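Residue numbers (UniProt numbering): 1 to 476.
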């Protein structure tokens, strides 16, 4: 320590006033001061040769010779700086080593067995203090646990000031599941800037989840998991806004890795494919999009059943009056596993299982089988089929199976904005028309408005003609 700083460390005892001659633990600026010293001593050594955090040094290399050369340089620099190493705490030429609470090897990064054992053997918390201690230790390894915040949500709720501490079956189940997840000992790979990154994001009613992966020669490998719970106001967001929040949260969390590198964002919410094409966004959404413009990414849609690694959960209906997505999840037919694509109040109960209804229609069943096999037959095999089959065959590039439901991509004429429409079986078109022709207490609509409302979520060939006939037959 500098002579002028020694009096600042003075403390009193029964034998008088004492002061430190070397920097002790516990001073508020000691860690930062010591870290600056170590960074200065090792200035110029790349992280591919040496990593330093306070008094922990990790010297490494892809081969024995390169690691030995790096070790010699580090020891020489430490000697020149007048620092000393504790021989009993040094380990040399290891293929696997403990570093900052993790096991690091050529295979990747793993949890420290001793730390995980402490979590595994942790007794059931009996008060908030014990619960906070357990969650603090478990959270240190949250990047190893997929859906950490979702699993631990019942326990995190007990930390709220307005909640009494009542340990129930939900908390006990979450406690056991979290301990089990931490004991699986997953292996994470270290990020490599030379390999492509993939960021999977998802939002549920209670939390956000993300998985950062890389495409390696051995396949897709996980770099880290990330999750957090939604706060009170975020739980009121509509589906599209929550999914966008999941993207923002994940990109910001991993920005120290992703900044300056191209990467792919994968989401199960199709509306986000056109995220950077939003016209005149306002307020919070505009600020979020502005944040994303600092990154180089592409957005890829992946169906919900294939998006389980980001902890995909069921969606709830959009909050009324949302100004950020205009109830896009209802109009664009995205992500509902059962194929429900419109507000539940609009349709009777017996026309909600669209996948089953389509499978019962011979024409639609034929097209669905083509899509499942990814095999578009030649026109000569289709020309003798019904008008419905021929019409869908001609729109093949715009057809897609989402959650087992046949859908068609349609673009809004005024804005060019895409819409995913459910292809309605012939036997159920009248029920869809009835649901869109009017609203209780408002009255019935004309042809133009009925057709506009219907096209937000549904499609069948010559629907205009059917709407005109239905409106003409309407007695109201």
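In this text, a Cβ means the ideal position worked out from N, Cα and C, and glycines have one as well.
None of the values given here were measured: they were computed from a predicted structure.
> When the Cα of residue 20 is compared with those of 5, 131 and 289, which residue comes out closest?
Replying inline: Taking the first residue of the chain shown as position 1, residue 20 is located at position 20. Nearest of 5, 131 and 289 to residue 20, Cα basis: 5.
> Going by the CB atoms, is the gap between residue 208 and residue 230 shorter than 8 Å?
Replying inline: Your numbering for residue 230 matches position 230 in the chain shown. Your numbering for residue 208 matches position 208 in the chain shown. A distance below 8 Å separates the beta carbons of residue 230 and residue 208.
>> With a threshold of 8 Å, are at least 3 pairs of Cβ atoms found where one atom belongs to the stretch 420-440 and the other to the stretch 455-475?
In response: yes
>> For the pair the stretch 67-76 and the stretch 30-37, tell me if three or more CB-CB distances fall below 8 Å.
In response: The answer is no - the stretch 30-37 does not touch the stretch 67-76, with fewer than three Cβ pairs under 8 Å.
> Under a three-way DSSP split, which group does residue 105 fall into?
Replying inline: Numbered from 1 along the chain shown, position 105 holds the residue referred to as residue 105. If DSSP states are grouped into helix, strand and coil, residue 105 belongs with the strands.
> For residue 152 versus residue 188, is the C-beta distance shorter than 8 Å?
Replying inline: Numbered from its first residue, the chain shown carries residue 152 at position 152. Numbered from its first residue, the chain shown carries residue 188 at position 188. Against a cut-off of 8 Å, the Cβ pair of residue 188 and residue 152 comes out as no contact.
> Rounded to a whole number of angstroms, what is the C-alpha to C-alpha distance between residue 339 and residue 419?
Replying inline: Counted from its first residue, the chain shown places residue 339 at position 339. Counted from its first residue, the chain shown places residue 419 at position 419. In this prediction, residue 339 has a pLDDT of 32, which is less than 50 and means its spatial position is unreliable; what the coordinates show is noted afterwards. The alpha-carbon atoms of residue 339 and residue 419 are separated by roughly 14 Å.
>> On the DSSP letters alone, give me the boundaries of the alpha helix (DSSP H) that residue 73 sits inside.
In response: Position 73 of the chain shown, counted from the start, is the residue given in the question as residue 73. Note, residue 73: alpha helix (DSSP H), 64-80.
>> Using a 10 Å radius around the Cβ and a threshold of 16 neighbouring Cβ atoms, would you call residue 237 buried or exposed?
In response: Along the chain shown, one-based indexing puts residue 237 at 237. With 16 or more other CB atoms across the displayed protein chains lying within 10 angstroms of its CB, residue 237 is buried.
>> Taking the beta carbon of residue 266 as the centre, do at least 16 other beta carbons fall within 10 Å, making it buried, or is it exposed?
In response: As a position in the chain shown, residue 266 is number 266, starting the count at 1. Buried is the call here.
> Whose C-alpha, out of 101, 169 and 162, is nearest the C-alpha of residue 139?
Replying inline: Taking the chain shown and counting its residues from 1, one reaches residue 139 at position 139. Closest option to residue 139, Cα to Cα, is 101.
> Across which residues does DSSP place residue 368 in a beta bridge pair?
Replying inline: The sequence position of residue 368 within the chain shown is 368, counting from 1. According to DSSP, residue 368 bridges with nothing at all.
> Which residues share a DSSP beta bridge with residue 407?
Replying inline: As a position in the chain shown, residue 407 is number 407, starting the count at 1. According to DSSP, residue 407 bridges with 400 and 422.
>> For residue 52, list the residues DSSP reports as bridge partners.
In response: Working through the chain shown from its first residue, we reach residue 52 at position 52. Per DSSP, 57.
> Going straight from the alpha carbon of residue 25 to that of residue 48, what length do you get?
Replying inline: Stepping through the chain shown from its first residue, residue 25 is reached at position 25. Stepping through the chain shown from its first residue, residue 48 is reached at position 48. Straight-line Cα distance between these residues: approximately 30 Å.
> Where DSSP assigns a beta bridge to residue 225, which residues make up the other side?
Replying inline: On the chain shown, residue 225 is found 225 positions in, with the first residue counted as 1. Note: residue 225 sits in a beta bridge opposite 211.
>> With a threshold of 8 Å, are at least 3 pairs of Cβ atoms found where one atom belongs to the stretch 155-164 and the other to the stretch 105-114?
In response: By the Cβ criterion, the stretch 155-164 is not in contact with the stretch 105-114, since fewer than three pairs of Cβ atoms, one from each stretch, lie closer than 8 Å.
>> Am I right that residue 203 and residue 174 are in contact with their C-beta atoms under 8 Å? What's the rounded C-beta distance?
In response: Numbered from 1 along the chain shown, position 203 holds the residue referred to as residue 203. Numbered from 1 along the chain shown, position 174 holds the residue referred to as residue 174. Wrong, their Cβ atoms sit about 20 Å apart, outside the cutoff.
> Given residue 358, which residues of its chain have a CB within under 6 Å of its CB, disregarding the five upstream and five downstream residues?
Replying inline: Translated into the one-based positions of the chain shown, residue 358 becomes position 358. Sequence-distant partners of residue 358 (beyond 5 residues in either direction) whose C-beta falls short of 6 Å from its own C-beta, in its chain, are 364, 406 and 425.
> When you compare only the Cα positions, how much space is there between residue 244 and residue 471?
Replying inline: Within the chain shown, the letter at position 244 stands for residue 244. Within the chain shown, the letter at position 471 stands for residue 471. Residue 244 and residue 471: Cα-Cα distance of roughly 39 Å.
> Among the residues of its own chain, which have a CB less than 6 Å from the CB of residue 401, if the five just before and after it don't count?
Replying inline: If you number the chain shown from 1, residue 401 lands on position 401. Cβ neighbours of residue 401 beyond the five flanking positions: 371.
> Tell me which same chain residues have a C-beta within less than 6 Å of the C-beta of residue 16, skipping the five on either side of it?
Replying inline: By 1-based counting over the chain shown, the position of residue 16 is 16. Hits under 6 Å: none found.
>> If distances are taken between C-alpha atoms only, which option among 240, 201 and 302 comes closest to residue 252?
In response: If you number the chain shown from 1, residue 252 lands on position 252. Out of 240, 201 and 302, 201 has the C-alpha closest to the C-alpha of residue 252.
>> Taking its Cβ as the centre, do 16 or more other Cβ atoms sit within 10 Å of residue 11, making it buried, or is it exposed?
In response: Counting from one through the chain shown, the residue named residue 11 turns up at place 11. Residue 11 is exposed by the Cβ-count criterion.
> Quick one, are the C-beta atoms of residue 447 and residue 422 less than 8 Å apart?
Replying inline: Against the chain shown, residue 447 aligns to sequence position 447. Against the chain shown, residue 422 aligns to sequence position 422. The answer is no: Cβ separation not under 8 Å.
> By the 10 Å Cβ neighbour count, where 16 or more other Cβ atoms means buried, how is residue 290 classified, buried or exposed?
Replying inline: Taking the first residue of the chain shown as position 1, residue 290 is located at position 290. Looking at its Cβ environment, which holds fewer than 16 other Cβ atoms inside 10 Å, residue 290 is exposed.
> By Cβ distance below 6 Å, which residues in the same chain neighbour residue 143 in space, the five residues on each side in sequence not counted?
Replying inline: The count along the chain shown starts at 1 and reaches residue 143 at position 143. Taking C-beta separations shorter than 6 Å and ignoring five residues to either side along the sequence, the partners of residue 143 in its chain run 224 and 225, following chain order.
> Going by DSSP, what residues sit across from residue 198 in a beta bridge?
Replying inline: The residue labelled residue 198 in the question sits at position 198 within the chain shown. Paired residue(s): 213 and 264.
>> Using the Cβ count rule (16 or more neighbours within 10 Å means buried), how would you classify residue 304?
In response: Position 304 of the chain shown holds residue 304. Note that residue 304 scores 49 on pLDDT, short of 50, meaning its location in the model is unreliable; the coordinates nonetheless yield the value given after this. Classification of residue 304: buried, given that the 10 Å Cβ count is 16 or more.
>> the ligand GDP and residue 174: does any heavy atom of the ligand fall closer than 7 Å to the residue's C-beta?
In response: Looking for the ligand GDP in the displayed structure turns up nothing, as the structure carries no ligands at all.
> DSSP state of residue 147, grouped into three classes?
Replying inline: The sequence position of residue 147 within the chain shown is 147, counting from 1. Residue 147 falls in the coil class under three-state DSSP.
>> Checking 8 Å against the spacing of the C-beta atoms, do residue 198 and residue 182 come in under that value?
In response: Mapped onto the chain shown, residue 198 falls at position 198. Mapped onto the chain shown, residue 182 falls at position 182. The answer is no: Cβ separation not under 8 Å.
> For residue 461, which of helix, strand or coil comes out of DSSP?
Replying inline: For the purposes of this step, residue 461 is identified with residue 461 of the chain shown, where counting begins at 1. Correct three-state label for residue 461: coil.
> What are the boundary residues of the beta strand (DSSP E) that includes residue 16?
Replying inline: What you label residue 16 is simply residue 16 of the chain shown in a count that begins at 1. First-last of the beta strand (DSSP E) with residue 16: 16-18.
>> Can you look up residue 298 in the DSSP assignment and give me helix, strand or coil?
In response: Counting from one through the chain shown, the residue named residue 298 turns up at place 298. Looking at residue 298 - three-state DSSP - the assignment turns out to be strand.
>> Just to confirm, is the Cβ distance from residue 109 to residue 190 under 8 Å?
In response: Along the chain shown, one-based indexing puts residue 109 at 109. Along the chain shown, one-based indexing puts residue 190 at 190. Yes. Within cutoff.
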